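To start, the structure itself, in structure tokens.
Numbering (the numbering used here), first residue to last: 12 to 547.
Structure follows, in structure tokens:
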């Protein structure tokens, strides 16, 4: 290996990390938008004269299109190029954000929110696939996924704080307008820094029928959760009927995937225990976490009487702890103890934090009772989510990375919608039952919140059991993922320096320095390169 390649490698490394920050910037914008709207709902309701029931559609319209299209968007990225889908989504999301900001009536805002969800799905579904493609080396990939996981997980807490500041200082219109300059800047930077990929092309098979079935099933499932289930109950005839139709569409999709020439989701993808386990944990874990964040906000608002800005500040320790662990230490934790152990540790900390919330009194002191709980929640999420994201991409072939990325996002969003609706409904039912039996309002509210927190802690515990039973050590090198490309070179000594090799005129890190530690340090180890290229 000649030294002349090393400066190129250094420059390439700098470009890749800049590209990562750009991609994470887009993800932060989308995640922020999902929570920042909640803080501004009272102002939106007053200004546009929403009723309490119709106001929910400001959130629901976004959830339906976003959750329903993630899987299809990920597959489209594999077919036509992930950067192309990413940039298309950015344009749609930015324009729709401007439409939300300029909305002068209910119909305009709800329609713009639906389109905004489409743009958010197109953008976020392929981000993870691009990240694992740009960072094939295990250590770098662990660090990059840690940054992504922090942004994806902590953005919600930041959104509460940002929403409180913007809504109080300016107006609710600006929670949407701020996306416009950010979207433009991210799009321009992406065109310069994010490498282009051509995708497989539609000749590989688009599976239009399968796409229609799964998109319809997911959209209908989200609609069923956020509308009839939340408003009329889980056993209401309309809820059961729509749920049955959604399940029938999903069953039809599975059958279609078995016999389609080029299936949207090849069933062979589901043979990976880590992929299946990680997505199940995401589904159940997100159900507990999303609902707990929402009800934690209500607890602080209704029992501790915090305003929007104070609520955002109260959740700030979650963000700080999550960010510190995800960005600085998750790579060391995962490579030292393994992704499975990191996920189990994180789930245990989150379950403990939720159990502590379930016994917190109505007048809990923030510094001594709530702050430690927030810190535990952040540390747990910071340890768990980077590991789960890596496990969810374990052993995935390069041409399926967009699909796997979309699947990881889809399970998190569907789980979050399900958990939010279920925990909010159960908490409200408990509160109303106690209020009608003569309990005081605060006592009834506290009991409802406690019930929801206990259920959330139980869900996280179930996720931990699944992790213990299903998750295994990720593949050190997936031959299927490499597709004939040599990924790792044999080291000449234990102290060898990292090796670089030119691929299409660029340089890529191929080998970690100490092979004796490789098994312990691998979280996700597959390398991506264009088929037919020989790395020598």
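Even glycine gets a Cβ: it sits at the ideal position worked out from N, Cα and C.
Note that the structure is predicted; figures quoted are calculated from it, not measured.
Of the candidates 56, 44, 325, the residue whose Cα lies closest to the Cα of residue 116 is 56. Residue burial is scored here from C-beta neighbours: residue 65 has fewer than 16 other C-beta atoms within 10 angstroms and is therefore classed as exposed.
Look at residue 397 here: in three-state DSSP terms it is helix.
Shortest Cα-Cα distance from residue 322 to any of 54, 331, 309 involves 309. The Cβ-Cβ distance between residue 231 and residue 251 does not fall below 8 Å. Secondary structure at residue 193: helix, using DSSP grouped into helix, strand and coil. In this structure, residue 33 lies away from residue 48, with their beta-carbon atoms at least 8 Å apart.
Put simply, the backbone Cα of residue 159 is about 35 Å away from that of residue 373. The Cβ neighbour count for residue 460, taken over all protein chains shown within 10 Å, is at least 16; the residue is labelled buried.
If only uninterrupted alpha helix (DSSP H) runs of at least 4 residues are considered, those enclosed by the region 285-373 are 319-325, 327-334, 341-348, 350-368. With fewer than 16 other beta carbons inside 10 angstroms of its own, residue 376 counts as exposed.
Here DSSP, grouped into helix, strand and coil, assigns residue 427 to helix. Counting the other Cβ atoms within 10 Å of the Cβ of residue 453 gives fewer than 16, which makes it exposed. For the pair of segments examined, the region 385-403 was found not to touch the region 433-440: the number of CB pairs separated by less than 8 Å stays below three. Contact check between the region 74-85 and the region 187-199: fewer than three CB pairs, one atom from each, fall below 8 Å, which does not count as touching. Just measuring C-alpha positions, the residue of 76, 118, 90 sitting nearest residue 104 is 76.
With fewer than three CB-CB distances shorter than 8 Å, the region 326-341 does not count as touching the region 137-150. The residues 224, 227, 228, in chain order, have a CB closer than 6 Å to that of residue 260 in the same chain once the five nearest residues on each side in sequence are set aside.
Classified as buried, residue 93 has 16 or more neighbouring CB atoms from the shown chains inside 10 Å of its CB.
Boundaries of the alpha helix (DSSP H) around residue 71: 68-91. DSSP, read as helix, strand or coil, puts residue 116 in coil. Between residue 361 and residue 471, the gap from beta carbon to beta carbon is short of 8 Å. Counting only residues of its own chain and dropping the five nearest sequence neighbours on each side, residue 458 has a CB closer than 8 Å to the CB of 441, 442, 445, 450. Between residue 285 and the set 366, 236, 131, 400, the nearest pair of CA atoms involves 400. Residue 318 counts as exposed, since fewer than 16 other beta carbons sit within 10 angstroms of its beta carbon. If only complete runs of 3 or more residues are kept, the region 130-156 shows no beta strand (DSSP E) anywhere. Shown here, residue 218 sits in coil according to DSSP, grouped into three states, outside any helix or strand. Fewer than three Cβ pairs drawn from the region 379-392 and the region 186-195 lie within less than 8 Å of each other, which leaves the two stretches out of contact. By the neighbour-count definition (other C-beta atoms within 10 Å, threshold 16), residue 149 is a buried residue. Secondary structure of residue 105 (DSSP, three-state): helix. Residue 272 and residue 279 have their C-alpha atoms some 13 Å from each other. By the Cβ-count criterion, residue 113 is exposed, with fewer than 16 other Cβ atoms from all chains shown falling within 10 Å of its own Cβ.
Residue 53 sits in a helix when the DSSP states are folded into three classes.
For residue 186, the uninterrupted alpha helix (DSSP H) segment begins and ends at 185-188. DSSP places residue 208 in no alpha helix (DSSP H); its state is neither H nor E.
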